[in-house]
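First residue of the sequence shown? That's 111 in the working numbering, and the numbers climb one at a time after it. Even for Gly, the Cβ is constructed at its ideal location relative to N, Cα and C. Taking it in order: structure first as structure tokens, then the write-up.
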Amino acid sequence: MELVGDPARHLALLKAIARRTGNSVIVTDPAGHIEWVNEGFTRLTEFLPEEVLGRRPAELLQGPDTERATRAQMAAAIALGLPFEVVVLNYTKSGRQYWVRIEAEPTRDEEGTLTGFIALETDVTAQRISEAREGVTKRIGDLLLICDSIERAAQHVVRELSRTLDLRTAQVWTVTPGQPHLHYVAGACADNSGQEWLDTSANRTFARGTDWVVGVGAPGVAWGTAAPCIKTDFWQYDSRGQLSRRAAAAKLAGIRTVCAVPVLGPEGVIAIVEIGGSHNYPGNDQLPSLVERVARQLGASIVQLESRRAFEALFRQSPDALLVVDAEGLVQRANARAVALFGDAVGQRLDALLAGGEAQLSAERPAFGDPTPLQQLAGTRPDATRFSAEVAISSTTATGAPSNIVSVRDLTERHLAEEALRRSLEEKVTLVQEVHHRVKNNLQIISSLVSLQAEDLESESARAALRDTSNRIQSMALVHQQLYANDNFARIVFGDYARALCTALHVSLAPDASLTVDADFVETTVERAVPAGLILNELLTNAFKHGHAPGRRAAIQVRVERLEAGFAFVVADGGPAFGDQPARKGSIGQTLIHALVRQLRAKRTYTRTATGNEVRVELPNALA
């Protein structure tokens, strides 16, 4: 800057302007000694004018953390009488650090001789902190996107924090959910004096001690509080009144403040980010919010890495063939099972492996990540043979980018097993049917032999007894006939059985009688069907023989009813009361009915109606 005219007048003018500006203004001689400062200088540096006149700004304002390269740049410009513009870390009178932008211009007289410098200083601490905050979080975010492990993610975080900001230490500890341990994964120190309590290459685990108090070791601070962020004086004493080894080393390293922030995941605290800085660090009060922001970034990265790690383990070990397919239907990855099934599938189109597979990629799903309904598609092996496959497709970001996971299960072995099972079942069905058929035939042969024997007897009562025995055997044979005719060998339809039994006895005992059968659909087991059939046989035999008045045609009614707790059958006739037939009392038929009713836990009820007799037998669902 050249002063034209009266230098004194120009200097007075400049001083008047400088007094009114909010920035710091310094006027020096050619050697850089201060000749004049404004009030803005005092507000910024806390130095009074009389304290700085005749001294160089570097002697007063620069300190141990001021960059040497910046100092050398300013000294060289002053020595050459050149203008310069720098951003430098300065110290106030009380030792507080601040960032300042210095714009210095040389002043010359009319002959061009250097007469000094005028420097305009602007406090840029807030701007510098804001830029550093945004810059470091952006860089950390970019770096976390390409991390392949938690350790690498932690290293990026601590390196950026310690390199970009004026921090003395930065560390990351991981937490095992449900366990009181902290595992050191990455850290950085400003100098070797901190190595005593933080070895940046060691794998260490800390358990929370009973003597840990707030401020004694940042992991203890972060672990022992529910607050989202902690900032304490690091110089604290333990329960014995002594500085802990960590705190003593921190004091030696000049670390005066510490900030620790838990990293949250789905299961709670999963890690802790811890930083420490000097007592005068500019923006020291903003460290908690900065670390909290970084912790959120790290937490999201750890969750993503854990998800990716779980996916990789599942992908490799899955018994099904898994294909990672992009939106265009191109296979990006294939697990070992998929390689064994399809050969070299990577780079092929999905339709080349599964007929119609690409059409399933666009199928609607209930929500992102939910699989499509299982589909059966035709797959193609490397030898061009076809096989039936069960296919499900789901969307995922666990691979690092939106993609589709195609799960393929070869159904060949299942179909072979199902076919073998079907053949075995058919063989067993045929065998059981043959068994029931032979039992029915044998019972019918026995029944026929008994009937033939009855014909050779002269006694009518003996012949009648043998015919009744033959009918009883027939009633049991009917059960096996029903089982032989049906696919279900465990249960029979009792209504159909009752109709068949009524028809057989009707033809055999009283073809002229009137018979009505009304049956609900009732199923029962073989164990209950045989004794129930014998009871019904005895009741029907008695009804056909005696269930009508002398000289009148018999009218028999049979009902099968479904009950809530079992079923019942009813036999009604128009004969005289049982009490009027003393000869029937205590007969074999009555004795058999009594024994079978007790065996079945059944309930028998006899009712005399206006038209005749009615016997009702109720059977429960189970015998026990």
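| Check | Outcome |
| --- | --- |
| For residue 498, the first and last residue of its enclosing alpha helix (DSSP H) | Counting along the chain, residue 498 falls outside any alpha helix (DSSP H), though it belongs to the beta strand (DSSP E) covering 496–506. |
| Close-in-space but distant-in-sequence residues of the same chain around residue 486 (CB under 8 Å, 5 per side omitted) | 498, 499, 500, 501 and 521 |
| Alpha helix (DSSP H) runs contained entirely in the region 422–466, provided each spans 4 or more residues | 446–452 and 460–463 |
| Backbone secondary structure at residue 340 - three-state DSSP | Low confidence applies to residue 340: its pLDDT is 42, below 50, so where it sits in the model is not reliable, and the reading given next is rough at best. Three-state result, residue 340: strand. |
| Which of helix, strand or coil DSSP assigns to residue 714 | strand |
| Cβ-based neighbour list, residue 211, same chain, cut-off 6 Å, excluding 5 preceding and 5 following | 197, 232 and 234 |
| Closest residue to residue 703 among 671, 582 and 214 (Cα-Cα distance) | 582 |
| Burial state of residue 701, where buried means 16 or more other Cβ atoms lie within 10 Å | exposed |
| Through-space distance from residue 221 to residue 140, alpha-carbon basis | 15 Å |
| Nearest to residue 181 (by Cα), restricted to the options 191, 673, 165 and 200 | 200 |
| 8 Å contact criterion, which residue 740 and residue 433 should meet: CB distance rounded | Because the chain spans 111 through 734 in this model, residue 740 falls outside it and cannot be assessed. |
| At least three beta-carbon pairs within less than 8 Å, the region 255–267 to the region 164–171 | no |
| Cutoff 6 Å; reference residue 146; Cβ partners in own chain excluding five residues on either side | 137 |
| Cβ-based neighbour list, residue 188, same chain, cut-off 6 Å, excluding 5 preceding and 5 following | 142 |
| First and last residue of the uninterrupted alpha helix (DSSP H) at residue 647 | 636–656 |
| The region 601–608 touching the region 561–579, judged by at least three CB pairs closer than 8 Å | no |
| Status (buried if at least 16 other CB within 10 Å, exposed otherwise) for residue 495 | exposed |
| Cβ shell of residue 229 (< 6 Å), same chain only, five flanking positions each side left out | 136, 212 and 214 |
| Own chain partners of residue 489 with C-beta closer than 6 Å, once the 5 adjacent residues on each side are dropped | 464, 497 and 499 |
| Runs of beta strand (DSSP E) lying entirely within the region 191–251, each at least 3 residues, in chain order | 194–201, 207–218 and 224–233 |
| Beta-carbon contacts of residue 630 that lie in its chain and below 8 Å, excluding the five residues immediately before and after | 605, 670, 671, 672 and 677 |
| Backbone CA spacing between residue 183 and residue 379 [nearest angstrom] | 47 Å |
| Coarse secondary structure for residue 571, derived from DSSP in three states | helix |
| Distance between beta carbons of residue 435 and residue 516, contact taken as under 8 Å | 5 Å |
| Alpha-carbon to alpha-carbon, residue 295 and residue 403 | 19 Å |
| For residue 728: DSSP bridge partner residues | 678 and 713 |
| Endpoints, beta strand (DSSP E) assigned at residue 377 | First-last for residue 377: undefined, no H or E at that position. |
| Beta-carbon proximity of residue 274 to residue 245, cut-off 9 Å | yes |
| Per-residue burial, residue 174 [other beta carbons within 10 Å of its own, 16 or more giving buried] | exposed |
| Same chain only: Cβ atoms within 6 Å of residue 261, ignoring 5 sequence neighbours per side | 295 |
| CA-to-CA distance, residue 711 to residue 686, given in whole angstroms | 28 Å |
| 6 Å CB neighbourhood of residue 191 in its chain, flanking five on each side removed | 216 and 224 |
| Buried versus exposed call for residue 638 [16 or more other C-beta atoms within 10 Å across all chains shown] | buried |
| First and last residue of the uninterrupted beta strand (DSSP E) at residue 139 | Per DSSP, residue 139 belongs to no beta strand (DSSP E) and is neither H nor E. |
| Of the residues 559, 679, 726 and 705, the one placed nearest residue 611, counting alpha carbons only | 679 |
| Residue interval of the alpha helix (DSSP H) (run including residue 265) | 260–274 |
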